[in-house]
Structure formats: structure tokens, C-alpha cells
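**Q** With the UniProt record's numbering, letter number 325 in the sequence shown gets 325, and the count goes up by one each step, no holes. First, the structure itself, so that you have it in front of you.
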Amino acid sequence: MKNKNLARFLKIAFKKNKYISIIAFVIMIVTSIIELFMPQITKIILDDAIKFGNIKLLVNLILLYITTNLLLNTLSIVLQYIYSKMKNRVSIIFKIKLIRHLAKLSGNYYTNIKTGNILNILENDMYIVESLGADLLFSLIVDFFTATIAFFFLMKMQYDLLIIIVIIQALILLTQSKFTKLISLKNEKLRDDSGDISNISQEYISNIMNVVISKSNLKFFKQYLNKERKMLKNSIGLDMAFSTSMATGSILSSFITVAIYGYGGYKIINGSMTFGELIAFQQYTGIFISPCMNIIRSNIKIEQAKTSINRIFTVLDEPIIIDNNNNGIRCSDSFKGNISFNNVTFSYEDKGNTIDNINMKFENGKITALVGSSGCGKSTIAKLLFRLWDVNSGDIIVDSVSLKDYNLKNIRENISIITQDVLLFDDTIINNLILNNKGINDDYLAKVCKSVGIYELVNSLPNGFNTIIGEKGVKLSGGQKQRISIGRALLCDSKIIIFDEATSALDNISQRDILENINEFLEYKTVIVIAHRLSTIKDADKIYVLEKGKVIEEGCHEQLILNEGIYCSLLDEQSLEVAFA
Ligand SMILES: Nc1ncnc2c1ncn2[C@@H]1O[C@H](COP(=O)(O)OP(=O)(O)OP(=O)(O)O)[C@@H](O)[C@H]1O
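Structure representation (C-alpha cells):
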């Protein structure tokens with residue numbers, strides 16, 4: 001699986017860097033050939049120019065040596081530039097792929113997602129893949145090429161000395177491959193630890209104010225320290241394995257030097273080798289061993305990267321359960337957003353039915369309310385409509401077309417959900433209001449802001465609409481956040497608009513004022529209001545009362561009062577609560 005994912009990764013990376021990779025590969029081969037040519041210059045300098053006192057030849061060879069060196073270094077700068085470009089390009093491509101894919105996943109995935117793990121993939125795994133280096137694959141090919149040619153030169157020069165070197169090299173290969181396995185195992189453990197720590201830190205930092213208020217710092221610290229201790233232990237283990245592997249490699253490599261000077265020196269003494277040949281042999285040995293060692297070290301890097309690439313693909317391969325239906329129907333200009341739930345049944349995972357054979361209608365130009373005790377399934381209705389989950393049975397019909405037959409992105413653009421938990425960005429008020437909706441005119445913006453009651457607030461701020469509201473809108477009150485969220489939805493101008501406890505942070509009077517003020521924006525829309533406070537929905541055209549995922553009563557406020565059913569008792573309970581408040 002890991003190898004398959006590595007191949008998939010390389011295929012995508014290569015496809016996006018086709019021409020630049022070919023250029024890099026050609027430069028690498030040229031560099032390698034030049035390097036292979038260098039020991040020959042040394043040999044001629046020693047054995048021909050110096051030995052026979054040929055000054056002209058010596059000067060020419062030294063000039064050649066300098067020129068080749070200059071060329072080699074220039075090519076190496078060009079290569080570095082290409083690699084750096086490729087590396088960043090590949091990393092950006094995969095990050096975008098990941099972020100895009102995440103947006104296509106289902107509510108189920110979002111429910112079970114571990115934020116820290118995903119952040120870890122986006123940051124750490126991407127970094128490891130980046131540091132694998134775009135050059136690695138090419139280097140391996142070129143290293144193999146260079147080592148083979150150097151091997152032939154060495155064999156031609158002194159095959160018996162070469163045999164000794166090959167034996168030592170084989171020993172190095174054997175020990176290093178054992179270390180590679182150990183290192184990659186330890187590395188995998190470390191990556192898991194790092195994911196766990198990211199999860200805890202992410203949970204802590206993003207809720208820091210609530211953590212302090214709920215006095216749960218100690219719980220976090222304990223959890224955090226335990227994980228850090230475990231990671232420290234594994235990290236030391238990894239470093240030790242790494243340095244032992246390096247030291248073993250280095251000790252074994254030193255035997256090669258011993259063999260060259262010992263056995264090579266002996267050969268010079270008995271006349272079967274020249275001094276120039278010994279130096280050239282030593283240089284070729286370097287050219288032979290260095291790529292061999294590179295191949296071994298690359299193996300460790302590749303093993304590390306494989307783990308990271310695997311993680312990247314675990315997210316990328318997460319199946320898209322909610323079909324995007326890209327070729328599906330798009331909402332036309334005459335789209336009304338009349339919705340009917342026909343015998344809809346739905347359950348989260350393997351739990352019992354959260355929505356149980358429900359039939360409901362939400363009509364354009366009307367306000368329909370959903371009420372019922374906590375956990376009866378009201379918000380689930382909104383989530384099904386937004387297709388975060390698909391229904392198990394029955395169908396949701398929008399303007400006579402099944403919801404599943406619409407292009408997902410397009411139908412979602414026509415639905416705005418304002419939830420209790422407002423999503424605000426650490427950005428200006430204006431950017432939080434308009435999001436991507438750049439074409440909004442100033443008068444309309446002012447009108448919407450007045451209706452949701454933030455116009456005065458904005459004007460009272462020195463930077464007005466350009467005031468930064470802090471992370472998660474921390475500089476605003478709960479009510480102000482909800483007002484911005486409602487304003488944002490109105491500016492979106494979707495045909496279907498769902499208020500899910502959207503005014504829960506506001507007092508009764510502010511809530512009534514907002515609802516009255518925004519009425520004109522809701523005139524030709526399908527409006528669904530989910531509320532606990534029944535005063536919010538008493539003017540709704542239709543009210544559905546839900547219990548355990550079933551509709552148990554329906555009608556307008558007056559009809560439901562006459563029914564003297566659950567709605568009536570909920571109303572009585574709330575009147576009592578207000579009276580005793
Ligand atoms: N993502 C989820 N995964 C599993 N179960 C869920 C999920 N979301 C909600 N539930 C469960 O589904 C049931 C209905 O939840 P829902 O949020 O629709 O209720 P609600 O009527 O809107 O409640 P409230 O008024 O408290 O907001 C609850 O029992 C809840 O635990």
C-alpha cells in the first residue's frame with residue numbers, strides 16, 4: 001500500500017513538473033559525466049605532466065580542472081533552483097488537494113475528524129515530503145548511473161582492490177538496511193505521538209478562554225505532559241537509532257580507506273600500480289561509494305516519506321459519500337426553494353432513527369418553524385437539507401426535483417444556515433459580513449446592517465467596517481456575533497434561509513426587533529426557523545412540533561393552542577419560566 005501511494009504521489013508530482021524535471025535530469029546526467037571525468041585529469045597531471053616535467057600540459061590540465069569545477073558548481077546552482085521550485089509546487093498542489101477534498105466530505109467525517117491529525121498532515125507530513133526533495137528520485141537514478149560507471153573504471157584499474165572494497169560496501173549495505181527498518185518503525189511511532197499532541201494543543205489553544213473559565217487547565221496540562229513524555233522517549237530512540245546507523249556506516253567506510261592505502265600502497269611498492277593510479281583509484285572509489293551511501297540514506301528518507309505520503313492519501317482517499325453531482329441540475333432564475341420532506345427517515349451511524357418517517361413542507365414566502373425538546377432532531381433537518389448527510393429512505397424534494405439531483409455546490413449556494421455557533425474569522429467586520437460576495441453595494445450593506453442592529457456599533461468604532469474582530473470574533477459579544485451572522489446570511493441572498501437558534505444570545509426585545517426588521521428581506525424566501533423560545537416563532541405561518549424524530553403536531557400558533565397538545569404544554573412551561581425568572 002505504501003509503495004502504491006508513493007508511486008501515485010510521484011506520478012502526480014512528475015505530471016505537474018514534467019518539463020522542468022526533464023531539464024533537471026539532463027543537468028544531473030551531465031554533472032555526473034563531468035565528475036567521472038575529473039579523476040582522469042588528476043591521473044594525467046600526476047603520471048604525465050608532473051612525472052615528465054611537462055609544464056605546458058600541467059598548465060592546460062589545471063585550466064581544464066578549474067573550468068570543469070566552475071561548470072559543475074554553476075550547474076549545481078541551477079539544479080538547486082529547479083528543485084526548490086518543484087518542491088514548493090508539489091507541496092502546494094497536495095495541500096490544495098487536501099483542503100478541497102476535506103470540503104467534499106460528509107457530516108459523518110466532520111463529526112469524527114481529529115483536527116490535530118489533519119493539521120499535522122498539512123504541516124509536518126507535508127514538510128517531510130518536501131524535505132524528501134524533488135531531486136531524490138532523479139538523484140537515485142543518477143547515483144546508480146554514476147556508481148556503475150565508477151565501478152567499471154575501478155575494475156579496469158585494479159580489480160583485486162575493487163573486490164575488497166565491494167565486500168566492505170556490501171557489509172555497509174547490510175547493516176544500513178537493518179537500521180532503515182528500525183528507523184522507519186520508530187519514525188512512524190513518533191508521527192502518531194506528534195498527531196496526538198497536535199490534537200491536544202489545538203483543543204486547548206482554540207478554546208483557551210473557556211478552558212480558563214471552566215478551570216480545566218490542569219486536565220489539559222496532565223494530558224499534554226503525558227503525551228510529551230512519550231514523544232520525548234520515542235524521539236530519543238529515533239535519534240539514537242539514526243546516529244548509531246551513521247556511526248556504523250562511517251566505521252565500516254573507514255576500512256575502505258585502510259584497504260586503499262594499505263593494499264594500494266603495497267601495490268605501488270611492488271610496481272603493479274602507479275602513484276597517479278592510486279590517487280585516481282581513490283577518487284573513483286569516492287565517486288563509487290558516495291552514490292552507494294546516498295542510495296542507502298535515501299532509503300531511510302523514502303521510508304519516512306512513505307509514512308507521510310500514506311497519511312496524505314488516507315485523507316485524499318476518504319470516500320466522497322455525498323455525491324457532488326457535478327452534472328446535476330442547477331437552480332434556475334425562477335428557483336423558488338419550495339421544499340417537501342417525503343417519508344424521510346435518517347439515522348446517524350448505527351444509532352436508532354433520528355428522523356423517523358417525516359413528512360413536512362417548507363414553502364416560499366412563508367415562515368415555517370420547527371420546535372420540540374432538545375435532541376428531537378430539529379437541527380438534523382437542516383443538515384439533511386444542506387446534504388451534510390443523505391437520508392436513509394424517503395426523499396427531499398426541492399421545486400419538484402429530488403435534492404440529490406441538484407448540483408451539490410449550486411444547491412448549497414441557495415441555502416443559508418445561521419447557527420447558534422457563529423463562525424467568524426479573525427478579519428475585518430466587512431470581510432466577515434460579505435465573505436466571497438464582493439459585488440454588494442454600500443446602500444444595501446448599510447440597510448442590512450441597520451436591520452440586524454450592527455450599523456450603530458460599526459459607526460461607533462474608529463475603523464468602522466474595517467475593524468478586526470479577533471480570533472473567532474472574540475472582541476464581540478455573543479449577540480453581536482449572531483447579528484453579524486444573520487447579516488451575512490441576508491447579504492448572501494439565498495432563496496432558502498434557515499435560522500437554527502440564530503438569536504439565542506439575544507434578549508427577547510432585541511430578538512423581536514431583529515425579526516421585525518429583517519422581515520422585508522425574507523419576503524420571497526423559504527424561511528425555516530428552529531427555536532427553543534416559542535416567542536420567536538409564534539408568528540410563523542406553520543409550526544411543526546417534533547418529538548423523537550417524528551412530527552407530532554402541526555399548524556399555526558393559534559391552531560396548536562386550540563389543540564391543547566405538546567405545543568401548548570411547551571408554551572405553558574416557558575410562560576412559567578418567564579414568570580419565575
Ligand atoms: N453528528 C452527529 N453524530 C451522531 N449523532 C448526532 C450527531 N448530531 C446530532 N446527533 C444526535 O441526533 C439527535 C438529534 O440531534 P439534533 O441536533 O438534530 O437535535 P435538536 O433537536 O436540534 O437539539 P437541540 O434543540 O438541543 O439543538 C441527538 O440525539 C444527537 O445526539
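For glycine and all other residues, C-beta sits at the position ideal for the given N, C-alpha and C. The structure presented is a predicted model; accordingly, all values stated were derived computationally and were not measured.
According to the neighbour-count rule (16 or more other Cβ atoms, all chains shown, within 10 Å of its Cβ), is Leu278 buried or exposed?
**A** Within a 10 Å sphere around the beta-carbon of Leu278 sit 16 or more other beta-carbons, which makes this residue buried.
**Q** Just confirm the distance between the C-beta atoms of Ala49 and Leu57, as a whole number of angstroms; I'd bet it's less than 8 Å.
**A** 4 Å
**Q** At which residues does the alpha helix (DSSP H) containing Lys186 begin and terminate?
**A** Tyr159 to Ser206
**Q** Quick check: what's the CA-CA separation for Thr354 versus Cys568?
**A** For Thr354 and Cys568, the distance between alpha carbons rounds to 24 Å.
**Q** Just to confirm before moving on: does the CB-CB distance between Ile543 and Phe362 stay below 7 Å?
**A** no
**Q** Given the structure, does Gly487 come close to ligand 3, in the sense that its CB is under 6 Å from one of the ligand's heavy atoms?
**A** With respect to ligand 3, the structure offers nothing, as its ligand set consists of ligand 1.
**Q** Measure the alpha-carbon distance for Asn108 versus Thr314 and round it to whole angstroms.
**A** Straight through space, the alpha carbons of Thr314 and Asn108 are spaced by roughly 16 Å.
**Q** Asn299 CB to nearest chain D CB: under 7 Å?
**A** Within the model displayed, chain D is absent; a lone protein chain is all it includes.
**Q** Exposed or buried, what is Ala24 when buried is set at 16 or more other beta-carbons lying within 10 Å of its beta-carbon?
**A** Per the 10 Å Cβ criterion, buried.
**Q** Does ligand 1 have a heavy atom nearer than 6 Å to the CB of Thr380?
**A** Flag set: Cβ of Thr380 near ligand 1.
**Q** Which term fits Leu560, buried or exposed, when burial requires 16 or more other beta carbons within 10 angstroms of its beta carbon?
**A** buried
**Q** Looking at the secondary structure, which residues open and close the beta strand (DSSP E) in which Glu554 lies?
**A** Lys550 to Gly555
**Q** Counting beta carbon pairs with one atom in the stretch 325-335 and one in the stretch 212-227, are three or more of them shorter than 8 Å?
**A** no
**Q** Who does Asp390 pair with in a DSSP beta bridge?
**A** Note: Asp390 sits in no beta bridge, so no partner.
**Q** Note down, one range per segment and in chain order, each alpha helix (DSSP H) of at least 4 residues found wholly within the stretch 252-337.
**A** 275-316
**Q** Would the stretch 167-175 count as touching the stretch 288-301 if we require 3 or more Cβ pairs under 8 Å?
**A** yes
**Q** Rounded to whole angstroms, how far is the Cβ of residue 602 from the Cβ of Asn414, which I believe are closer than 8 Å?
**A** Since the first and last residues shown for the chain are 1 and 581, residue 602 lies out of range.
**Q** Quick test of your reading: Asp500 and Thr419, contact by CB under 8 Å. State the CB separation rounded to the nearest angstrom.
**A** 5 Å
**Q** So what does DSSP say about Asp438, is it helix, strand or coil?
**A** In the sequence as displayed, the identity of residue 438 is Lys instead of Asp. If DSSP states are grouped into helix, strand and coil, Lys438 belongs with coil.
**Q** Going by C-alpha distance, which of Lys114, Asn463, Asn436 and Thr148 is nearest Ile29?
**A** Thr148
**Q** If we call anything under 7 Å between Cβ atoms a contact, is Leu403 one with Gly487?
**A** No; because the gap between Cβ atoms is not below 7 Å, this pair is not in contact.
**Q** State yes or no: is the C-beta of Ser32 within less than 7 Å of the C-beta of Val142?
**A** yes
**Q** Could you pull out every residue in the same chain whose Cβ sits closer than 8 Å to the Cβ of Ala579, ignoring the five residues on either side in sequence?
**A** Because the pLDDT of Ala579 is 47, which lies under 50, any placement of that residue in the model is unreliable, and the question is left without a value.
**Q** Please return the same chain residues whose Cβ sits closer than 7 Å to the Cβ of Ser115, not counting the five positions on each side in sequence.
**A** Per the sequence shown, the amino acid found at residue 115 is Thr instead of Ser. Closer than 7 Å at the Cβ level, and outside the excluded window around Thr115, lie Asn199 and Gln202.
**Q** Put Ala579 into one of helix, strand or coil per three-state DSSP.
**A** A caution first: Ala579 carries a pLDDT of 47, below 50, which makes its placement in the model too unreliable to give a value.
**Q** How many Å lie between Phe465 and Ile96 at the Cα?
**A** 30 Å
**Q** Provide the residue span of the beta strand (DSSP E) that contains Ile367, from first to last.
**A** Per DSSP, the unbroken beta strand (DSSP E) holding Ile367 starts and ends at Ile367 to Gly372.
**Q** Give the range of the alpha helix (DSSP H) segment to which Thr345 is assigned.
**A** Where Thr345 is concerned, there is no enclosing alpha helix (DSSP H), although the beta strand (DSSP E) it sits in stretches over Ile339 to Phe346.
**Q** Given a threshold of 16 other Cβ atoms within 10 Å of its Cβ, counted over all protein chains shown, does Gly262 qualify as buried or as exposed?
**A** exposed
**Q** Could you say if the stretch 361-377 and the stretch 531-547 meet the contact criterion of at least three C-beta pairs nearer than 8 Å?
**A** yes
**Q** Any heavy atom of ligand 1 closer than 6 Å to the Cβ of Ser374?
**A** yes
**Q** Identify whether Glu547 lies in helix, strand or coil by the three-state DSSP scheme.
**A** strand
**Q** For Tyr83, count neighbouring C-beta atoms within 10 Å of its own C-beta (all shown protein chains included) and say buried if the count is 16 or more, exposed if not.
**A** It counts as buried.
**Q** If you draw a straight line from the alpha carbon of Ile322 to that of Asp390, how long is it in whole angstroms?
**A** 7 Å
**Q** Have a look at Asn5 and Lys383 and give me their C-alpha separation to the nearest angstrom.
**A** 34 Å
**Q** Which residues does DSSP list as the beta-bridge partners of Phe152?
**A** Its beta-bridge partners do not exist; DSSP assigns none.
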